[in-house]
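*Asks:* Take any residue in the sequence shown, note its place counting from 1, add 16, and you have its number in the working numbering.
Glycine is no exception: its CB is placed at the ideal position from the N, C-alpha and C atoms.
As the structure is a prediction and not an experimental result, all values here were calculated from the model.
One structure follows; several queries about it will come next.
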Amino acid sequence: MLSDALEDDLESFFDKKLISKSKRKTLADGFKKNKVINEVLDKSTIMTLYNMLRTHIVSYINGIVRAGKESVIFWAVDENERDIALKVYLVTTSNFKRRTSYIIGDPRFSRVKKGTRSLIDLWAKKEYRNLKQCYNRGIPVVKAIHVTKNILAMEFVGENGVPAKTLIESEVDKKDYDSAISILKNLYKDAKLVHCDFSEFNIFKTDKGLILFDLGSAVDLRHPNANEFLKRDIKNISTFFAKRGLTVENPSDVLIRIQK
Ligand SMILES: Nc1ncnc2c1ncn2[C@@H]1O[C@H](COP(=O)(O)OP(=O)(O)OP(=O)(O)O)[C@@H](O)[C@H]1O
Ligand SMILES: [Mg+2]
């Protein structure tokens, strides 16, 4: 453990670094209120990252893998040299309102605190819980490792900091279609979840088969719109495989089969 004084020193060291990087000279602690650096690294996020380093969840961070609208994915490494993906949920997203419809109505998250910041932290926690819930039921999802505030640590799928290819980036065949539908079914039957963003962009195709990720939106089956979301998931994935020239089952038959 580090002493409080050392922690304070480190905190001010980070602050100074950030000031010089951003060429901001205004505030004593280097952060304008609610100011965000490079759209990601507000002070709280930096401190969360720093705490993950301090508590040995990761030992170093190699760099950014992908910067999206709602999150940034970092490639990090743990003490055993295992690759870790850190998903940092952006605190600046303008899209957070969209998320409320996937939280309110899910009985697992009945107590939603007001404010963007807590909603974003809750979203990270929700993705973590969804991943665990699936992983524990043997559904092929990315293995979640840890969550603190708006940062989710998970197993890195890929090599040398390059993520595995998703379905959209891969050649696909009938086996992939069958496997995708079977994942949807097991999610529903065994994990009691609907993904809500089940698509060719959120499934890795690896040597070991398909691996599902991006489960922040997934809801409990008791959510009042769960069936509508399931219908949409089936429709989206069927459209993708049909566009790739494969014969797919009628989506409404798939729905009946999954819900039977
Ligand atoms: N565990 C992981 N291992 C390796 N790469 C990952 C991992 N998780 C995510 N990625 C990479 O980051 C990209 C975005 O991840 P994800 O879909 O979870 O974030 P997102 O914020 O929902 O982004 P988008 O809005 O584009 O869907 C993935 O397409 C993949 O390339
Ligand atoms: Mg995604």
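(1) Verify whether the separation of the beta carbon atoms of residue 86 and residue 106 is less than 8 Å.
(2) Using the C-alpha atoms, what's the distance from residue 168 back to residue 161?
(3) Secondary structure at residue 118, three-state DSSP: helix, strand or coil?
(4) Under a Cβ-count criterion, where at least 16 other Cβ atoms within 10 Å of its own Cβ denotes burial, should residue 1 be classed as buried or exposed?
(5) Classify residue 272 as helix, strand or coil using the three-state DSSP reduction.
(6) Does the beta-carbon of residue 37 have 16 or more other beta-carbons within 10 angstroms, so that it is buried, or is it exposed?
(7) Apart from the five residues just before and just after residue 202, which ones in its own chain have a Cβ nearer than 6 Å to its Cβ?
(8) Between 129, 61, 93 and 217, which has its C-alpha nearest residue 177's C-alpha?
(9) Ordered along the chain, which non-local residues of its own chain (more than five positions away) have a Cβ less than 7 Å from that of residue 225?
(10) Can you name, in chain order, every residue of its own chain whose Cβ lies under 7 Å from the Cβ of residue 189, other than the five neighbours on each side?
(11) Is the closest heavy atom of ligand 2 to the C-beta of residue 256 under 7 Å?
(12) Cutting at 7 Å between CB atoms, please list the residues of its own chain near residue 264, excluding the five before and the five after it.
(13) Going by DSSP in three states, residue 219 sits in which element: helix, strand or coil?
(14) Tell me which same chain residues have a C-beta within less than 7 Å of the C-beta of residue 139, skipping the five on either side of it?
(15) Regarding residue 148 and ligand 1, is the C-beta to nearest heavy atom distance less than 7 Å?
(16) Would you call residue 274 buried or exposed, if buried means 16 or more other Cβ atoms sit within 10 Å of its Cβ?
(17) Counting only runs that start and end within the stretch 48-101, where is the beta strand (DSSP E) found for 3 or more residues in a row?
(18) Measuring only the C-alpha atoms, how far is residue 239 from residue 211?
*Replies:* Based on what the coordinates show:
(1) If you number the sequence shown from 1, residue 86 lands on position 70. If you number the sequence shown from 1, residue 106 lands on position 90. Contact flag set, yes.
(2) One-based indexing of the sequence shown puts residue 161 at position 145. One-based indexing of the sequence shown puts residue 168 at position 152. Cα-Cα distance, rounded: 8 Å.
(3) Counting from one through the sequence shown, the residue named residue 118 turns up at place 102. Of the three classes helix, strand and coil, the one that applies to residue 118 here is coil, per DSSP.
(4) Because the chain in this structure spans residues 17 to 276, residue 1 falls outside the shown range and cannot be described.
(5) Reading the sequence shown from its first residue, position 256 is the one you call residue 272. Residue state, collapsed to three classes: helix.
(6) For this step, residue 37 is matched to residue 21 along the sequence shown. Unreliable placement is indicated for residue 37, whose pLDDT of 45 sits below 50; no coordinate value is reported for it.
(7) On the sequence shown, residue 202 is found 186 positions in, with the first residue counted as 1. Closer than 6 Å at the Cβ level, and outside the excluded window around residue 202, lie 155.
(8) Within the sequence shown, numbered from 1, the residue matching residue 177 stands at position 161. Nearest C-alpha to residue 177: 93.
(9) In the sequence shown, the residue the question calls residue 225 occupies position 209. Counting only Cβ-Cβ distances below 7 Å, and skipping sequence neighbours, we find 156 and 195.
(10) Start at 1 with the first residue of the sequence shown, and residue 189 comes out as number 173. Cβ contact annotation for residue 189 (same chain, cutoff 7 Å, sequence separation greater than five): none.
(11) Your numbering for residue 256 matches position 240 in the sequence shown. Not under cutoff, so the answer is no.
(12) Your numbering for residue 264 matches position 248 in the sequence shown. The answer, listed in chain order, is 193, 254, 257 and 258.
(13) Your numbering for residue 219 matches position 203 in the sequence shown. In this structure, residue 219 counts as strand in the three-state DSSP scheme.
(14) Indexing the sequence shown from 1 puts residue 139 at position 123. Same-chain partners within the cutoff: 105, 115 and 232.
(15) The residue labelled residue 148 in the question sits at position 132 within the sequence shown. Incorrect: residue 148 has no Cβ contact closer than 7 Å to ligand 1.
(16) The residue given as residue 274 occupies position 258 in the sequence shown. By the 10 Å Cβ count, residue 274 comes out buried.
(17) Complete beta strand (DSSP E) runs here, min 3: 76-83 and 87-93.
(18) Residue 239 sits at position 223 when you count from the first residue of the sequence shown. Residue 211 sits at position 195 when you count from the first residue of the sequence shown. Each residue's alpha carbon lies about 12 Å from the other.
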